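Read top to bottom, the protein sequences are chains A and B.
First residue of the first sequence: 41, per this note's numbering; consecutive thereafter.
First residue of the second sequence: 3, per this note's numbering; consecutive thereafter.
The C-beta atom is built at its ideal place from N, Cα and C for all residues, glycine as well.
Since the structure is predicted, the reported quantities are computational estimates derived from the model, not experimental observations.
All remarks here apply to the structure that follows.
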Amino acid sequence: MNKQTIIEINNLHKYYQVGDETVKALRGVDLSISKGEFVAVMGTSGSGKSTLLNILGCLDLPTKGDYFLDGENVKTLNRNQLAEIRNKKLGFVFQSYNLLPRTSALENVELPLLYNPLVSNSERREKAEQALIAVGLKDRMKHLSNQMSGGQQQRVAIARSIVNNPVVIFADEATGNLDTRTSFEIMALFQELNDKGMTICFVTHEPDIAKFTKRNVVFRDGFIIKDELIENRNNANHALAQLKEETYSFDN
Amino acid sequence: MRLINLFKIAIAAIRRNKMRSFLTMLGIVIGVAAVIAMLAIGQGSNQSIRETISSMGTNLINVMPASQNRGGVQKGRSSSQTLDVADVTYLKNNSTLISAISPELDGSGQIVYGSNNWPTSIYSGNEEYSFIKKYEVESGRTYTTKEIKNAAKVCLVGQTVIENIFTDDVDPIGKTIRFNNIPFKIIGTLKEKGDNTFGQDQDDMILAPYTTVMKRLFRQTHLRAIVISAKSEEQITETSAEITKLLRMSHKLKDSEDDDFEIRTQEELISNFGSISEMMLVLLGSIAAISLVVGGIGIMNIMYVSVTERTREIGLRMSIGGKGRDILRQFLLEATLLSVLGGIIGVVFGIVTSNVVANLLAWPILITTDSIVLSFLFCTFIGVFFGWYPAKKASALNPIEALRHE
Numbered sequence: 041m042n043k044q045t046i047i048e049i050n051n052l053h054k055y056y057q058v059g060d061e062t063v064k065a066l067r068g069v070d071l072s073i074s075k076g077e078f079v080a081v082m083g084t085s086g087s088g089k090s091t092l093l094n095i096l097g098c099l100d101l102p103t104k105g106d107y108f109l110d111g112e113n114v115k116t117l118n119r120n121q122l123a124e125i126r127n128k129k130l131g132f133v134f135q136s137y138n139l140l141p142r143t144s145a146l147e148n149v150e151l152p153l154l155y156n157p158l159v160s161n162s163e164r165r166e167k168a169e170q171a172l173i174a175v176g177l178k179d180r181m182k183h184l185s186n187q188m189s190g191g192q193q194q195r196v197a198i199a200r201s202i203v204n205n206p207v208v209i210f211a212d213e214a215t216g217n218l219d220t221r222t223s224f225e226i227m228a229l230f231q232e233l234n235d236k237g238m239t240i241c242f243v244t245h246e247p248d249i250a251k252f253t254k255r256n257v258v259f260r261d262g263f264i265i266k267d268e269l270i271e272n273r274n275n276a277n278h279a280l281a282q283l284k285e286e287t288y289s290f291d292n
Numbered sequence: 003m004r005l006i007n008l009f010k011i012a013i014a015a016i017r018r019n020k021m022r023s024f025l026t027m028l029g030i031v032i033g034v035a036a037v038i039a040m041l042a043i044g045q046g047s048n049q050s051i052r053e054t055i056s057s058m059g060t061n062l063i064n065v066m067p068a069s070q071n072r073g074g075v076q077k078g079r080s081s082s083q084t085l086d087v088a089d090v091t092y093l094k095n096n097s098t099l100i101s102a103i104s105p106e107l108d109g110s111g112q113i114v115y116g117s118n119n120w121p122t123s124i125y126s127g128n129e130e131y132s133f134i135k136k137y138e139v140e141s142g143r144t145y146t147t148k149e150i151k152n153a154a155k156v157c158l159v160g161q162t163v164i165e166n167i168f169t170d171d172v173d174p175i176g177k178t179i180r181f182n183n184i185p186f187k188i189i190g191t192l193k194e195k196g197d198n199t200f201g202q203d204q205d206d207m208i209l210a211p212y213t214t215v216m217k218r219l220f221r222q223t224h225l226r227a228i229v230i231s232a233k234s235e236e237q238i239t240e241t242s243a244e245i246t247k248l249l250r251m252s253h254k255l256k257d258s259e260d261d262d263f264e265i266r267t268q269e270e271l272i273s274n275f276g277s278i279s280e281m282m283l284v285l286l287g288s289i290a291a292i293s294l295v296v297g298g299i300g301i302m303n304i305m306y307v308s309v310t311e312r313t314r315e316i317g318l319r320m321s322i323g324g325k326g327r328d329i330l331r332q333f334l335l336e337a338t339l340l341s342v343l344g345g346i347i348g349v350v351f352g353i354v355t356s357n358v359v360a361n362l363l364a365w366p367i368l369i370t371t372d373s374i375v376l377s378f379l380f381c382t383f384i385g386v387f388f389g390w391y392p393a394k395k396a397s398a399l400n401p402i403e404a405l406r407h408e
């Protein structure tokens, strides 16, 4: 593979001190993610997938091992430099959306750019509008976050994650709070973004959702136990159409 | 992070919680309004006292007999008889700094006119007396040098006296009234001066030549006081020193002897009353300042709750690139904006309250720029001071834990 490597981790360890006990959340993980990949990180709770996501998302530093993000060794960076990396190179989508309450979709999407002094006011507005158009919320820009459905809120969150044109998006159980149909809609959106070249790292424990990605990495007890490419990934739009059909026949 | 963006974020956060922001500000609003209103009332009465004293003439110097000590017994000032007309003449002839000088005698008594009578005071001096004490003639004329020389039984009457002994359409000039059974012909009326700050009616008086009062009314040779006008306000101290020197010479006092007279200037009077009203001012001001501090603690309380309540928001801001110092500045700015906004509303509210007090209770008020600037700066300081700790707490949060916070 001569594609550009976005994420490269070598022999990554992460230990936590809980009381007298040392919890080994990650015990030597090697992983490489290239540009344009759509990776599902799977595993039961306690398998270490959340810990990995925190480290990959530059929210936490590894105890041992190296992490190169877009060619930069993250381990050597301080708190402020990590914040800058998150601001310029990463996008986050959370299970519970984490939108600012009583704030318009547009303002929510603008938020990451507010923390970047290089982006002018007009540029910020323009980028936020484009991001909202990309997630299909062209007509909902002025809507307040608390006036939207869960699916719409998650779309705003996705728009927020892509507004800074990141090298990779991290999604943490991004469909966890949504019903099946809305989940499929969100996955279709992620597939669409991925088709346009966006690298996505998607943490989930649902195999159904993982089928929509291109590569599944499964964790157990701090190790990767499976890392496989998905040959025929499910097309979320097809799944959605099928779901509608099923509902239709069920209703009749 | 750009400063303008910081302002946007802080203002948006305040607007998201309008009710809470308003209640937080209320403490500061009341505090600032209280400070401004209290200072306005305090400074107003201070100013009014000064004006009253100044209206008696800022160049005024009062020379009074000193209370005397005879054989260990302290005698009151009124029993002292150390000043007489000769002193006035001596000062007039020898002083270079005096612009006007007059003997002064006063006393109280009953005025009778026809079937009306009224208790009032009589003041008396020479032809320069009205100038020194700032009495102005409304109609008629003042007494002449000849009338002073002859101890003529003439007088000028104040407005309160006119109201009380004459019916509406009677012209008092030319009428004869009796003061303690001595008949006085009214030759003029005095312009209204109103009450002074001490509540004394300055129009309840009659004015007569000092010779008349000395010889015909009280039958005494000593004076109650000598009133002097210095050439200018700046020369008051100098003039007082000269008067002391001249009077000691004319009274032939030895160096070992104390002055048998006492000099009072308006400046002393102002500083005496000034210190009392300044004490009041400090007292009122500090009570108001306490309410401002309480308002500040209110801000701290709310900001503290706000940090806990918005932990997830802080986690999110950090995860999308907010640095610790951005979070610190945001919360600090929120607190400061709240207190500044509260300060602005408080200033307006304070000015309105002061004017209401002035109109309803007829109290003198004085709103100074100083008091506005002072309370404004103080509440800004309070915002920063009490906003610091919660802001610091917010900035030190771990983004992972903050995001997980329920």
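- Within the region 6-23 of chain B, those residues whose Cβ lies closer than 9 Å to any Cβ of chain A are, in chain order, I6, N7, L8, K10, I11, A14, A15, R17, R18, N19.
- Just measuring C-alpha positions, the residue of B:R22, B:T246, B:K135 sitting nearest B:Q204 is B:K135.
- DSSP places B:T178 within a strand segment (E or B) once states are collapsed to three.
- Apart from the 5 residues on each side of it in sequence, B:Q49 sits with its Cβ closer than 8 Å to the Cβ of P366, L368 in its chain, given in chain order.
- Using a Cβ distance threshold of 9 Å, B:G33 and B:L283 do not count as a contacting pair.
- Here A:S201 really is in contact with A:G131; their C-beta atoms are around 3 Å apart, less than 8 Å.
- DSSP, read as helix, strand or coil, puts A:Q57 in strand.
- With distances taken between CA atoms, A:G176 lies nearest to A:R195 out of A:E166, A:R165, A:R195.
- A:C241 is bridged by DSSP to A:V79, A:F210.
- Annotation: the continuous beta strand (DSSP E) that includes B:A227 extends over 227-232.
- The DSSP-derived three-state label of B:R250 is helix.
- DSSP links B:D86 through a beta bridge to B:H224.
- Annotated three-state conformation of A:P102 is coil, per DSSP.
- Taken in chain order, the members of the region 314-340 of chain B whose beta-carbon sits within less than 9 Å of a beta-carbon on chain A are R314, E315, G317, L318, R319, M320, S321, I322, G323, G324, K325, G326, R327, D328.
- In the DSSP assignment, B:G142 is bridged to B:G190.
- B:N357: member of the alpha helix (DSSP H) spanning 326-363, first to last residue.
- Taking C-alpha positions only, B:S277 is separated from B:R266 by approximately 17 Å.
- Look at the region 133-148 of chain A: the residues with a C-beta under 9 Å from a C-beta of chain B are F134, S136, N138, L139, L140, P141, R142, T143, E147.
- Beta-bridge partners assigned by DSSP to B:P67: B:F263.
- DSSP places B:Y306 inside the alpha helix (DSSP H), whose first and last residues are 268-311.
- Nearest in C-alpha terms to B:I11, of all of A:L101, A:L154, A:I226, is A:L154.
- Beta-bridge annotation (DSSP): A:S144 is paired with A:L184.
- A Cβ of chain B is located within less than 9 Å of the beta carbon of A:D100.
- Ranked by Cα distance from A:N204, the first of A:Y55, A:S85, A:K167 is A:K167.
- When only Cα atoms are considered, B:L294 and A:N161 end up about 38 Å apart.
- When Cβ-Cβ separations below 9 Å define contact, A:N217 makes no contact with chain B.
- Take the alpha-carbon of A:E163 and the one of A:Q121: they are about 24 Å apart.
- Residue-level contact check: B:L363 does not touch chain A, since none of the beta carbons of chain A fall below 9 Å from its beta carbon.
- For B:M27, no beta strand (DSSP E) run applies; the uninterrupted alpha helix (DSSP H) run containing it begins and ends at 20-57, by DSSP.
- Residues of chain B with a Cβ closer than 7 Å to the Cβ of A:N94 are, in chain order, I402.
- Pairing B:F351 with B:I301, the inter-Cα distance amounts to about 19 Å.
- Considering only beta carbons, no part of the region 49-64 of chain B lies closer than 8 Å to chain A.
- Pairing B:P211 with B:I188 gives a Cβ-Cβ distance that is not under 9 Å.
- Secondary structure of B:F388 (DSSP, three-state): helix.
- In chain order, E77, F78, V79, N234, L269, I270, R273 place their CB closer than 8 Å to the CB of A:K254, counting only its own chain and leaving out the 5 sequence neighbours on each side.
- For A:N205, no alpha helix (DSSP H) encloses it, and the DSSP letter there is neither H nor E.
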